[in-house]
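There are 2 protein chains.
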Amino acid sequence: MASMTHCSGIKRRLTRQVAIGPVKVGGGAPISVQSMIKARPEDRRETARQIRDLEAVGCDIVRIAVPNMDAVRTLAAVRKKARIPLEADIHFSPQLALASIAAGADAIRLNPGNMSDQVRIAEICRRCRARRIPIRVGMNSGSAVPRKGGVPVKRARNADTAAMMVRQALAFCKMLENCGFHAIMMSLKAADVLSTVRAYRMAAERCDYPFHLGVTATGIPPDAVVKSALGIGSLLLAGIGDTIRVSLTAPPIDEIKVARSILRAVGVRVPGVEVLACPTCGRTEFDVAGVAREVENRLRGVKRPVRVAVMGCIVNGPGEAAECDVGVAGGKGESVLFKKGKVVKRLRPDAIVNTLVREVRILCGDD
Amino acid sequence: MASMTHCSGIKRRLTRQVAIGPVKVGGGAPISVQSMIKARPEDRRETARQIRDLEAVGCDIVRIAVPNMDAVRTLAAVRKKARIPLEADIHFSPQLALASIAAGADAIRLNPGNMSDQVRIAEICRRCRARRIPIRVGMNSGSAVPRKGGVPVKRARNADTAAMMVRQALAFCKMLENCGFHAIMMSLKAADVLSTVRAYRMAAERCDYPFHLGVTATGIPPDAVVKSALGIGSLLLAGIGDTIRVSLTAPPIDEIKVARSILRAVGVRVPGVEVLACPTCGRTEFDVAGVAREVENRLRGVKRPVRVAVMGCIVNGPGEAAECDVGVAGGKGESVLFKKGKVVKRLRPDAIVNTLVREVRILCGDD
Chain A
1 MASMTHCSGI KRRLTRQVAI GPVKVGGGAP ISVQSMIKAR PEDRRETARQ IRDLEAVGCD
61 IVRIAVPNMD AVRTLAAVRK KARIPLEADI HFSPQLALAS IAAGADAIRL NPGNMSDQVR
121 IAEICRRCRA RRIPIRVGMN SGSAVPRKGG VPVKRARNAD TAAMMVRQAL AFCKMLENCG
181 FHAIMMSLKA ADVLSTVRAY RMAAERCDYP FHLGVTATGI PPDAVVKSAL GIGSLLLAGI
241 GDTIRVSLTA PPIDEIKVAR SILRAVGVRV PGVEVLACPT CGRTEFDVAG VAREVENRLR
301 GVKRPVRVAV MGCIVNGPGE AAECDVGVAG GKGESVLFKK GKVVKRLRPD AIVNTLVREV
361 RILCGDD
Chain B
368 MASMTHCSGI KRRLTRQVAI GPVKVGGGAP ISVQSMIKAR PEDRRETARQ IRDLEAVGCD
428 IVRIAVPNMD AVRTLAAVRK KARIPLEADI HFSPQLALAS IAAGADAIRL NPGNMSDQVR
488 IAEICRRCRA RRIPIRVGMN SGSAVPRKGG VPVKRARNAD TAAMMVRQAL AFCKMLENCG
548 FHAIMMSLKA ADVLSTVRAY RMAAERCDYP FHLGVTATGI PPDAVVKSAL GIGSLLLAGI
608 GDTIRVSLTA PPIDEIKVAR SILRAVGVRV PGVEVLACPT CGRTEFDVAG VAREVENRLR
668 GVKRPVRVAV MGCIVNGPGE AAECDVGVAG GKGESVLFKK GKVVKRLRPD AIVNTLVREV
728 RILCGDD
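Just so you know, the sequences run in chain order A and B. With my numbering, letter number 32 in the first sequence gets 32, and the count goes up by one each step, no holes. The number in my numbering is simply the position in the second sequence, starting from 1, with 367 added.
Laid out in C-alpha cells, this is it:
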C-alpha cells in the first residue's frame with residue numbers, strides 16, 4: 001500500500017470516498033497507483049506472476065480484463081492468493097459482471113458506452129452493495145456514442161469528445177444513483193491529452209465522485225510517457241485525481257514506475273530513490289549517464305524516499321541539487337560529494353558510484 | 368525549420384519577438400525545439416557530427432557550452448558549416464561571451480546567477496546589437512543567489528525558489544534594458560516541476576519577453592521524460608512558452624523526439640508519424656507492442672504528420688482511434704484495417720505491419 005501524502009501544498013478536490021478492498025479512494029486518501037494484467041484470460045500462471053510482480057513493486061490495485069468465462073475462472077483462482085485488490089474490467093456483458101462479483105472481484109469497471117440494460121444494471125448494483133464493492137464508471141472516448149432520446153445517432157464531425165464523454169458518464173451514474181448506489185468512481189479517458197484533461201475538469205464541476213485518472217491508447221514510450229505525464233500530471237496539479245493508471249504498451253511494472261514518477265513530479269512523497277542528473281554538455285567531467293543508471297539500478301530495492309544528484313560540473317551542480325540528500329558534481333580530475341547542497345568531500349572518478357550507493361545506504365540505516 | 372502551428376485553440380501569451388538566425392522566437396512564431404551539444408569543447412569532429420544529427424531530425428536551434436577558448440574555436444569552426452543557428456552557453460565570463468559573439472554565435476545565453484559586472488555586460492549588449500543577436504537571460508535554480516542591496520546573502524531554508532529566480536532574472540533584464548537592449552529571451556529552470564511552473568507563470572505576468580521553457584537536471588528516462596512533459600507541457604497548455612528544450616541525460620536527438628512528442632500532446636501539428644497503441648490486456652489478439660515498434664521504425668523517415676493506431680481488440684479500437692488516419696484492431700484470427708474510424712478491410716495477423724506501412728506511404732504519396 002502506498003504511504004503517499006501530498007506535500008506540495010496543492011489543494012485537492014473534495015470527493016466521496018470508496019474502498020476497493022483495503023485501499024481507500026477519494027475523500028482525502030493518498031493517491032493510489034494501479035496497473036492492468038496483460039496475460040491471456042485463460043493463462044492463470046502468467047496472470048498470477050504479473051500480480052506478484054505488481055505486489056512486489058508496491059502497486060495498490062490491479063485490473064483484469066474479463067472478456068469471457070475463462071477470465072472469470074482465472075479471476076476466482078488468482079483472487080484466493082493475491083494480497084492486492086482486483087478490479088474486473090467488463091464490457092458489453094452484465095452476466096460477466098455478475099460472475100466476476102461472485103468470483104470475488106474487489107471492484108467492477110463498467111463501460112457506459114457498451115452497457116445500457118437498466119434491469120441488469122440494477123441487479124449488478126444489488127450484488128455490489130451486498131458485497132460492499134464499488135463500481136467504476138469507466139468512460140472511454142472510443143466507446144462514447146452520441147444519443148438523442150436514448151437512441152444512438154451518428155457522431156457529428158468535430159463533435160466535442162470531452163462533453164460527450166462527461167454527459168454519457170453522468171447519465172450512467174444517474175442510473176446507478178436511481179438504484180440507490182453511490183459507491184462510484186469515474187474515469188474519462190480519451191486518446192488525446194486535451195480531450196482527457198477537459199473531460200475530467202468538466203466532470204469535476206458536476207459531481208463529487210472520486211476520479212481514476214488516465215489517458216488511453218498512448219502507445220509506446222517515450223510518446224506514451226509524455227501523454228500520461230502531461231494528462232495525469234496536469235490534472236493532479238489542479239488538485240483533481242484520486243487513483244491513477246498509466247497506460248503503456250509495455251510491461252505492467254513499467255506503468256507503476258512511471259505512475260510514481262508522475263506523483264513525485266507533482267510533489268507527492270513516494271518511496272524509493274529518485275536520481276536527478278544533468279543533461280550533460282561540454283562542461284561535463286565524467287560519465288553522468290552511466291553513473292546515474294548504475295546508482296539507480298543498485299539502489300532499486302530502497303523503500304525510503306531518497307533523492308540523489310549526479311551533476312556533470314560545478315556550475316549549477318550542488319545548487320540545483322540543494323534539495324537532494326546526497327550528490328556528486330564533476331570537477332577537473334576530482335569530483336565533489338555534497339549533502340543538502342554543501343560540499344563535504346573530494347572524490348576520484350572511480351569512487352563516485354560506490355560512494356553514492358554507500359551514502360544512501362547509511363541514510364537508510366542499512367550500513 | 369519547424370512548420371508547427373498551434374491547432375489546439377490554446378490562446379498563446381503575447382510576447383515580443385526575437386530572431387536567432389532565421390528562427391523567430393515569440394510574437395506568434397511557431398514554437399521551436401532545441402537541444403544542446405554533449406561533446407567535449409575541443410572535439411570539433413564530434414560537435415559537428417551532433418549538429419548534423421540534430422539538423423537531420425529537424426531541430427531548430429542548437430546550444431553549445433563555451434567554458435573556455437577551445438570551445439570558442441570549436442564554435443567558430445562549426446559555425447562555418449552548420450545550417451542551424453547556434454547559441455553559445457556562457458557562465459561566469461564576459462570575455463567568453465564577447466569571444467563567442469565574434470566567433471559567430473547566433474545567440475548568447477548569460478546566467479544572472481554568475482555574471483554581474485555592469486560595464487562588461489554593457490559591452491556585451493553593444494556587440495550583440497551590432498551583430499543583431501539576442502541574449503537569453505538563462506536563470507537556473509542552482510545558481511540563484513539571494514541578495515540584499517546587491518550583496519549575496521545566505522539562502523534561507525525553505526526560500527521560495529520560484530520567486531527568487533524571477534526576481535533575479537528580471538533584475539538582470541533591467542540591466543540589459545538600461546543599456547537600451549531588448550532582444551531578450553528568458554528561461555527559469557528549476558530542478559523540480561512545481562518551482563519551474565510557478566516561476567514561468569509568475570514571470571509571464573511581469574514581462575513580455577519570449578520564454579525558453581525547460582526543467583533542469585531531470586535525469587534519465589522515464590523520470591526525465593515525465594518531468595519535462597509535465598513541466599513544459601502544462602505551461603504550453605496555459606499558453607506560455609515560445610521555444611522549448613527537453614533536458615535528458617541521453618543523446619541530443621532523443622531530446623528532440625521527446626520535445627516533439629510534448630508539442631503533439633498539446634495539439635501542435637508536428638511532422639512525422641505518431642503511433643497510438645492500446646496498453647494491451649486479456650482482450651489483446653496480436654503482438655501490439657511489436658507491431659507498434661516496427662511500424663514506428665519503418666516509418667521513421669516520414670515528414671508529413673500522420674497518425675497510426677495499433678489496437679489490440681475491437682472494444683474501443685476503431686472508436687478511440689477515430690482521429691487516426693489509419694489503424695488496425697485485433698479480432699479472433701483476423702484483424703481489421705480501419706481509416707478515420709471506419710473498418711475498410713480484414714487482415715491476417717502476418718499482414719498487419721506491411722499493410723499499415725503501405726497505407727501510410729500511399730497517404731504521403733510515396734507509393
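By construction, the Cβ of each residue, glycine as well, lies at the ideal position given by its N, Cα and C atoms.
Is the Cβ of R283 of chain A closer than 8 angstroms to any Cβ of chain B?
-> In the first sequence, the residue the question calls residue 283 of chain A occupies position 283. So, interface residue.
Starting from T243 of chain A, follow its DSSP beta bridges and name the residues at the other end.
-> By 1-based counting over the first sequence, the position of residue 243 of chain A is 243. A:S32 and A:H212, per the DSSP bridge assignment.
Taking K709 of chain B as the reference, give the member of B:N683, B:R715 and B:G732 with the closest Cα.
-> In the second sequence, the residue the question calls residue 709 of chain B occupies position 342. Comparing Cα positions, the closest option is B:N683.
Quick one, are the C-beta atoms of V677 of chain B and E726 of chain B less than 8 angstroms apart?
-> In the second sequence, the residue the question calls residue 677 of chain B occupies position 310. In the second sequence, the residue the question calls residue 726 of chain B occupies position 359. Inclusion of V677 of chain B and E726 of chain B in the CB contact set at 8 angstroms is not warranted, their separation being larger than that value.
Find the residues of chain B that neighbour P279 of chain A, judging by a C-beta separation of less than 7 angstroms, and give them in chain order.
-> Working through the first sequence from its first residue, we reach residue 279 of chain A at position 279. For a Cβ distance threshold of 7 angstroms, residue set M403, S614, L615 and T616 of chain B lies close to P279 of chain A, ordered along the chain.
8 angstroms Cβ cutoff, D223 of chain A in contact with chain B = Stepping through the first sequence from its first residue, residue 223 of chain A is reached at position 223. With 8 angstroms as the cut-off, D223 of chain A counts as an interface residue toward chain B.
What does a CB cutoff of less than 6 angstroms around S3 of chain A pick up in its chain, not counting 5 residues either side in sequence?
-> Here residue 3 of chain A corresponds to residue number 3 of the first sequence, with the count starting at 1. For S3 of chain A, the pLDDT reaches just 34, beneath the cut-off of 50, and the residue's location in the model is therefore unreliable, leaving the point undetermined.
Taking 8 angstroms as the CB-CB cut-off, is I607 of chain B touching chain D?
-> In the structure shown, chain D does not exist; the protein chains are A and B.
Could you spell out where the beta strand (DSSP E) holding I90 of chain A opens and where it closes?
-> As a position in the first sequence, residue 90 of chain A is number 90, starting the count at 1. Per DSSP, I90 of chain A belongs to the beta strand (DSSP E) from L86 to I90.
If you draw a straight line from the alpha carbon of A65 of chain A to that of M36 of chain A, how long is it in whole angstroms?
-> The sequence position of residue 65 of chain A within the first sequence is 65, counting from 1. The sequence position of residue 36 of chain A within the first sequence is 36, counting from 1. Spanning the two alpha carbons is a distance of roughly 8 angstroms.
Segment limits, alpha helix (DSSP H) that includes I629 of chain B | Taking the first residue of the second sequence as 1, we reach residue 629 of chain B at position 262. Unbroken alpha helix (DSSP H) run through I629 of chain B: P619 to A632.
Whose C-beta lies closer than 6 angstroms to the C-beta of K345 of chain A among residues of the same chain, with five residues either side of it excluded?
-> Mapped onto the first sequence, residue 345 of chain A falls at position 345. Hits under 6 angstroms: L337.
For the candidate residues B:V640, B:G679 and B:I587, whose alpha-carbon lies nearest to that of D621 of chain B?
-> Start at 1 with the first residue of the second sequence, and residue 621 of chain B comes out as number 254. Ranking B:V640, B:G679 and B:I587 by Cα distance to D621 of chain B puts B:I587 first.
First and last residue of the beta strand (DSSP E) that includes F338 of chain A?
-> Translated into the one-based positions of the first sequence, residue 338 of chain A becomes position 338. Counting along the chain, the beta strand (DSSP E) containing F338 of chain A begins and ends at S335 to K339.
Using a C-beta to C-beta distance shorter than 7 angstroms, which residues of chain A count as neighbours of K378 of chain B?
-> Sequence index remark: in the second sequence, residue 378 of chain B carries index 11 (1-based). Contact annotation for K378 of chain B against chain A: no contact, minimum CB-CB distance about 14 angstroms [criterion: below 7 angstroms].
Can you say whether N478 of chain B is buried or exposed, counting buried as having 16 or more other CB atoms within 10 angstroms of its CB?
-> For the purposes of this step, residue 478 of chain B is identified with residue 111 of the second sequence, where counting begins at 1. Label assigned to N478 of chain B: buried.
Can you tell me whether DSSP reads R496 of chain B as helix, strand or coil?
-> By 1-based counting over the second sequence, the position of residue 496 of chain B is 129. R496 of chain B falls in the helix class under three-state DSSP.
Can you round the beta-carbon distance between V640 of chain B and V675 of chain B to whole angstroms, since I take them to be within the 8 angstroms contact cut?
-> The count along the second sequence starts at 1 and reaches residue 640 of chain B at position 273. The count along the second sequence starts at 1 and reaches residue 675 of chain B at position 308. So it is a contact: roughly 6 angstroms between Cβ atoms.
Are V593 of chain B and A217 of chain A close, meaning C-beta to C-beta below 8 angstroms?
-> Looking up residue 593 of chain B in the second sequence gives position 226. Looking up residue 217 of chain A in the first sequence gives position 217. In this structure, A217 of chain A does not lie closer than 8 angstroms to V593 of chain B by Cβ.
Under 8 angstroms by beta carbon: chain A residues contacting R671 of chain B | By one-based count along the second sequence, residue 671 of chain B stands at place 304. Chain-order list of chain A residues neighbouring R671 of chain B: empty, with the shortest C-beta distance near 17 angstroms, by a criterion of under 8 angstroms.
List, in order along the chain, the chain B residues whose C-beta lies closer than 7 angstroms to that of R40 of chain A?
-> Taking the first sequence and counting its residues from 1, the one referred to as residue 40 of chain A is at position 40. Within chain B, the residues placing a beta-carbon under 7 angstroms from that of R40 of chain A are G649, ordered along the chain.
Determine the chain B residues that contact K81 of chain A at a beta-carbon separation under 7 angstroms, and present them in chain order.
-> If you number the first sequence from 1, residue 81 of chain A lands on position 81. Within chain B, no residue comes near K81 of chain A; the closest Cβ sits about 18 angstroms away, beyond 7 angstroms.
Using a Cβ-Cβ cut-off of 8 angstroms, state whether L597 of chain B counts as contacting chain A.
-> If you number the second sequence from 1, residue 597 of chain B lands on position 230. It does: the Cβ of L597 of chain B has a partner Cβ on chain A nearer than 8 angstroms.
Examine chain A for any beta-carbon lying closer than 8 angstroms to the beta-carbon of R440 of chain B, and answer yes or no.
-> Your numbering for residue 440 of chain B matches position 73 in the second sequence. With 8 angstroms as the cut-off, R440 of chain B does not count as an interface residue toward chain A.
Determine the DSSP secondary structure at V306 of chain A, reduced to helix, strand or coil.
-> Taking the first residue of the first sequence as position 1, residue 306 of chain A is located at position 306. Per DSSP, reduced to three states, the secondary structure at V306 of chain A is strand.
Name the residue from A:V353, A:I352 and A:P305 whose alpha carbon lies nearest to the alpha carbon of L363 of chain A.
-> By one-based count along the first sequence, residue 363 of chain A stands at place 363. Ranked by Cα distance from L363 of chain A, the options A:V353, A:I352 and A:P305 are led by A:P305.
Excluding the five sequence neighbours on either side, which residues of its own chain have a C-beta within less than 8 angstroms of the C-beta of E490 of chain B, listed in chain order?
-> As a working mapping, residue 490 of chain B is identified with position 123 in the second sequence. The residues are P461 and L465.
Using only alpha-carbon positions, find the residue among B:H549, B:Q535 and B:M482 that is nearest to V385 of chain B.
-> Position 18 of the second sequence holds residue 385 of chain B. The option with the nearest alpha carbon to V385 of chain B is B:H549.
For K345 of chain A, name the three-state secondary structure that DSSP assigns.
-> The residue you call residue 345 of chain A lines up with position 345 of the first sequence. Here K345 of chain A carries a strand assignment [DSSP, helix/strand/coil].
Going by the beta-carbon positions, is the gap between G104 of chain A and A76 of chain A smaller than 8 angstroms?
-> The residue you call residue 104 of chain A lines up with position 104 of the first sequence. The residue you call residue 76 of chain A lines up with position 76 of the first sequence. Using a Cβ distance threshold of 8 angstroms, G104 of chain A and A76 of chain A count as a contacting pair.
Could you check which residue in A:C281, A:T355 and A:R127 has the C-alpha nearest to that of R298 of chain A?
-> Reading the first sequence from its first residue, position 298 is the one you call residue 298 of chain A. A:T355 is the residue among A:C281, A:T355 and A:R127 whose C-alpha sits nearest the C-alpha of R298 of chain A.
Can you list the residues of chain A that M678 of chain B reaches, using a CB-CB cut of under 9 angstroms?
-> The residue you call residue 678 of chain B lines up with position 311 of the second sequence. Within chain A, the residues near M678 of chain B are G142 and A217.
How should K556 of chain B be labelled, buried or exposed, when 16 other C-beta atoms within 10 angstroms of its C-beta is the threshold for buried?
-> Taking the second sequence and counting its residues from 1, one reaches residue 556 of chain B at position 189. By the Cβ neighbour-count rule, K556 of chain B is buried, with 16 or more other Cβ atoms within 10 Å of its own.
Among A:D106, A:P210 and A:R120, which has the Cα closest to the Cα of P30 of chain A?
-> As a position in the first sequence, residue 30 of chain A is number 30, starting the count at 1. The option with the nearest alpha carbon to P30 of chain A is A:P210.
In angstroms, rounded to a whole number, what distance separates the CA positions of K332 of chain A and C313 of chain A?
-> Counting from one through the first sequence, the residue named residue 332 of chain A turns up at place 332. Counting from one through the first sequence, the residue named residue 313 of chain A turns up at place 313. Roughly 9 angstroms between the two C-alpha positions.
Quick one: list the residues of chain B neighbouring H91 of chain A, beta-carbon separation under 7 angstroms, in chain order.
-> To locate residue 91 of chain A, count along the first sequence from 1; it is residue 91. Under the 7 angstroms cutoff, chain B gives V682.
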